[in-house]
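In the numbering used here, the protein residues as written are 1 to 810.
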């Protein structure tokens, strides 16, 4: 029998050193620990696997988060189809054996799953805890009655993602988000019963209102004090309050405390200041439980004339929609991968995120809090009327109220969350029952959080729409219909607008359409049925490729930009995502909608937005300059901070041009000649920026760069390594497809490889990847031991490249 104190130390240490999240906290009172390591997994159903006596010795050993679908082959006739990236679902089992020390006797122990896709059933020591069908919801179970303190405990989870299709995009399969174990006193603060608001706030002062739920699961009536302290971003306590509370046995109490903060540091997209609320339940001088939550002090409104106002300042929402997958990493959540996505988007000028079309990973909202994003937080893609054969309608009657409740109470303290969306393109828009359903859902949300407006993404944004007609929506959410935006005040007098989803423009990074003897703006032909996914049939990046329901990038933005009453937009989408390669089918397995491709490489439209949405000086010209004699090429420039741009070909001026009216770019038609294309932007004659594109020769070497060379040795940190195939003069070879092989020395693994090609069927978890249009990506994950990591990259005919990384403990 192991010493129980030793087990307690091990329990703390394993969690402490394996955690890479923001919610880590350890105290002698409350233990909140990551529970991801040391699981066993089996793909396929197993009779009796919930039984503690079941033999799982042959099962795969792994750490969570885990997505089993991303490692599976693409199958053309997969029942999920192209919408789910042709990858399998199936049934999987997870088991974990763990010890609870004797010291935990008398503690309340709870397990939290941030997300399991989907239909999960959980057992502890053979006792069934419950089933949750919704794959995106966070849920909890009380383990206390069934644990064996001082002994071996076994948790088992069955995941059933076999009924396909159940999603319109790649969902992933398994326990793909983090799992947590929390131990508290039987009298404890319920985090989902905590609600922090700032009902009276100005730049001079703020009233912070704290509503706390305390649960007493003992057999005694108790008397405590609840102490609330507010701590500044720099760690200074600025205010506190103590309130007595009496709670009967096996009961709960809700307390409201109000605390004044003078001269508050306001949360905004430019300065996302985060305070900390620290709560303690005190019995005399003894602390029974404690809990901390970050929050922001800010005030805002959506005005039907002035638009979105944050801290009394007009802010146009420049947002994007994102799905939950992380490209080559699949659905398995990783904080660094999420952070990289947001950093790329922030650099473009994005200030808003829509969590399409489901509750996000908690880590995403924590990052949005810290980095400054205006989040539209969405719950459902489907109500009772089906979009897919086995979609959420299967569970609607039994689960929608519980899922909506759990989503709102989990996320309502995040300062980045400004809008709740109760649905996306819900089919009940066109049916009378949608009116009552919208009213009911909105009422549930307002009961839990009356401080934020409610919307829904309507692809029929008209007065006859049942959801709109219900009056339940605070913001009239438009999906597409950009040509009607300007008429909003006439169609919906007195109402407030949000573009919940716009654009749906199509592009393949680095690919440009080439009809006959010229390369020019060439819209996609929707009279053709594209089933081969051939990039030669896909849209160019010239921004004139649009779906029948959408728009070009420039057209939606121009109308949003023009009118103050248009509060803002969320573009479909920030990144390409797995599944839904509309309008293509096999072999396309990922979308074409992203402003950034699946590997994280920006497409040309990225620079249009950057020139419009940031003050960073931009001068971006495209396409590449490798063409054939006799071709005439449309050369486009996105620029800002300048009055005009002059274009040169081999030092010969092709003239200066400036944007006219509402234009976001300038263009020249240029007969191709090999050499150098140079653009110079000027402001009233003063040179601002110069950009050059050279005709590239054959591949000669690999140019290798890492976004980060110093990693944390926690088994989760990532380095994203970009490989550019360049010629002998350092020019990117725009059509290079060289096969690159990766090998590692040191404690690290290849977490993924990708190239952004929507039709590629490479193994995301392999060690080889073809460049696509001159670029590819390798993702390296740190191990748990510090040391040097050598990344060696080889490609036939090119010199090897070695990149050195360092992994260290924090």
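All residues carry an ideal CB built from backbone N, CA and C; glycine is no exception.
In the DSSP output, what is residue 180 paired with across the bridge? The sequence position of residue 180 within the chain shown is 180, counting from 1. DSSP, once it has assigned bridges, lists 34, 112 as partnering residue 180.
Segments of 3+ residues assigned as beta strand (DSSP E) that fall wholly inside the segment 648-735: 652-657, 666-671, 676-683, 686-694, 701-706, 710-712, 718-726
Classify residue 739: buried if its beta carbon has 16 or more other beta carbons within 10 angstroms, exposed otherwise. Here residue 739 is taken as the residue at index 739 of the chain shown, counted from 1. With fewer than 16 other Cβ atoms within 10 Å, it is exposed.
Using a Cβ distance threshold of 8 Å, determine whether the segment 175-183 contacts the segment 258-269, with at least three qualifying pairs required. no
Between residue 498 and residue 595, what straight-line distance do the alpha-carbon atoms span, to the nearest angstrom? For the purposes of this step, residue 498 is taken as the residue at position 498 of the chain shown. For the purposes of this step, residue 595 is taken as the residue at position 595 of the chain shown. Distance between the alpha carbons of residue 498 and residue 595: 20 Å.
Apart from the five residues on each side of it in sequence, which residues of its chain come closer than 7 Å, Cβ to Cβ, to residue 241? Taking the chain shown and counting its residues from 1, the one referred to as residue 241 is at position 241. Around residue 241: 228, 257, 259.
Where residue 46 and residue 91 are concerned, what is the direct C-alpha to C-alpha distance, given to the nearest angstrom? The sequence position of residue 46 within the chain shown is 46, counting from 1. The sequence position of residue 91 within the chain shown is 91, counting from 1. Answer to the nearest angstrom: the Cα atoms are 9 Å apart.
Using three-state DSSP, classify residue 640 as helix, strand or coil. Translated into the one-based positions of the chain shown, residue 640 becomes position 640. Looking at residue 640 - three-state DSSP - the assignment turns out to be coil, as it is neither helix nor strand.
Just to check my reading of the structure: residue 321 and residue 354 have Cβ atoms closer than 8 Å, yes? What is that Cβ distance to the nearest angstrom? Sequence index remark: in the chain shown, residue 321 carries index 321 (1-based). Sequence index remark: in the chain shown, residue 354 carries index 354 (1-based). Confirmed, Cβ separation roughly 4 Å.
Roughly how many whole angstroms lie between the Cα atoms of residue 97 and residue 765? In the chain shown, the residue the question calls residue 97 occupies position 97. In the chain shown, the residue the question calls residue 765 occupies position 765. About 27 Å.
Closer than 7 Å by C-beta to residue 388: which residues in its own chain qualify, once you throw out the five before and the five after it? Chain order, please. Walking along the chain shown from the start, residue 388 turns up at place 388. Once the five neighbours on either side are set aside, the close Cβ partners of residue 388 are 165, 166, 167, 168.
Residues bridged to residue 209 [DSSP beta-bridge criterion]: For the purposes of this step, residue 209 is taken as the residue at position 209 of the chain shown. Paired residues: 197, 258.
Whole-angstrom distance between residue 339 and residue 306, CA atom to CA atom: Counted from its first residue, the chain shown places residue 306 at position 306. Counted from its first residue, the chain shown places residue 339 at position 339. Their Cα atoms are separated by approximately 32 Å.
What residue from 513, 556, 510, 471 has the CA that sits closest to residue 503's CA? Indexing the chain shown from 1 puts residue 503 at position 503. Of 513, 556, 510, 471, the residue nearest in Cα terms is 556.
Which residues mark the beginning and the end of the alpha helix (DSSP H) in which residue 82 is found? Here the question's residue 82 lines up with position 82 in the chain shown. That residue, residue 82, is in no alpha helix (DSSP H); it is neither H nor E in DSSP.
Taking only runs that begin and end inside the segment 299-324, name each unbroken beta strand (DSSP E) of 3 or more residues, in chain order. 300-303, 307-310, 317-322
Is the segment 725-742 touching the segment 280-287 in the sense that three or more CB pairs, one from each, lie closer than 8 Å? no
Measure from the alpha carbon of residue 382 to the alpha carbon of each residue in 342, 341, 457, 436, then state which is nearest. Residue mapping note: residue 382 aligns to position 382 of the chain shown, counting from 1. Out of 342, 341, 457, 436, 457 has the C-alpha closest to the C-alpha of residue 382.
Measuring straight from C-alpha to C-alpha, what distance separates residue 478 and residue 62? Locating residue 478 in the chain shown gives position 478, where the first residue counts as 1. Locating residue 62 in the chain shown gives position 62, where the first residue counts as 1. Going from the Cα of residue 478 to the Cα of residue 62 covers about 43 Å.
DSSP puts residue 590 in a beta bridge; with which residues? The residue labelled residue 590 in the question sits at position 590 within the chain shown. Bridge partners of residue 590: 578.
Residue of 430, 421, 473 minimising C-alpha distance to residue 439: Within the chain shown, residue 439 is the residue found at index 439, counting from 1. Among 430, 421, 473, the Cα nearest to that of residue 439 belongs to 473.
Looking only at C-alpha atoms, which of 441, 459, 749, 465 sits nearest to residue 432? As a working mapping, residue 432 is identified with position 432 in the chain shown. Ranking 441, 459, 749, 465 by Cα distance to residue 432 puts 465 first.
If you draw a straight line from the C-alpha of residue 572 to the C-alpha of residue 633, how long is it? By 1-based counting over the chain shown, the position of residue 572 is 572. By 1-based counting over the chain shown, the position of residue 633 is 633. About 28 Å.
Under a Cβ-count criterion, where at least 16 other Cβ atoms within 10 Å of its own Cβ denotes burial, should residue 208 be classed as buried or exposed? As a working mapping, residue 208 is identified with position 208 in the chain shown. That one is buried.
Residues of its chain near residue 11, where Cβ-Cβ distance is below 6 Å and the 5 sequence neighbours each way are ignored: Start at 1 with the first residue of the chain shown, and residue 11 comes out as number 11. Low local confidence applies: a pLDDT of 42 at residue 11 is under 50, so the model's placement there is unreliable, with the coordinate-based value given in what follows. Excluding positions up to five away in sequence, the list is empty.
Using C-beta distances below 6 Å, list every residue in its chain close to residue 857, excluding the 5 sequence neighbours before and after it, in chain order. Summary: the structure shown does not reach residue 857, with the chain confined to residues 1 through 810, and so no result is reported for it.
Going by the CB atoms, is the gap between residue 726 and residue 758 shorter than 9 Å? Taking the first residue of the chain shown as position 1, residue 758 is located at position 758. Taking the first residue of the chain shown as position 1, residue 726 is located at position 726. Against a cut-off of 9 Å, the Cβ pair of residue 726 and residue 758 comes out as no contact.
N-terminal and C-terminal residue of the alpha helix (DSSP H) that residue 366 is part of: Against the chain shown, residue 366 aligns to sequence position 366. Counting along the chain, the alpha helix (DSSP H) containing residue 366 begins and ends at 362-371.
Whether or not the segment 115-125 and the segment 185-204 are in contact is what I'm after, with contact meaning three or more pairs of Cβ atoms, one per stretch, closer than 8 Å; do they touch? no
Residue 511 burial status per 10 Å Cβ neighbour count (16 or more: buried): Translated into the one-based positions of the chain shown, residue 511 becomes position 511. The residue is buried, with at least 16 neighbouring Cβ atoms inside 10 Å.
Residue 75 classed as buried or exposed, judged by whether at least 16 other C-beta atoms fall within 10 angstroms: If you number the chain shown from 1, residue 75 lands on position 75. With fewer than 16 other Cβ atoms within 10 Å, it is exposed.
Whole-Å CB distance - residue 579 paired with residue 85, under 8 Å assumed: Counting from 1 along the chain shown, the entry for residue 579 is found at position 579. Counting from 1 along the chain shown, the entry for residue 85 is found at position 85. Confirmed, about 4 Å.
How about residue 328 and residue 753: are their beta carbons less than 9 Å apart? The count along the chain shown starts at 1 and reaches residue 328 at position 328. The count along the chain shown starts at 1 and reaches residue 753 at position 753. Yes, the Cβ-Cβ distance between residue 328 and residue 753 is below 9 Å.
Can the beta-carbon of residue 324 be found less than 9 Å from the beta-carbon of residue 172? Here the question's residue 324 lines up with position 324 in the chain shown. Here the question's residue 172 lines up with position 172 in the chain shown. Taking 9 Å as the Cβ cut-off, residue 324 and residue 172 qualify as a contacting pair.
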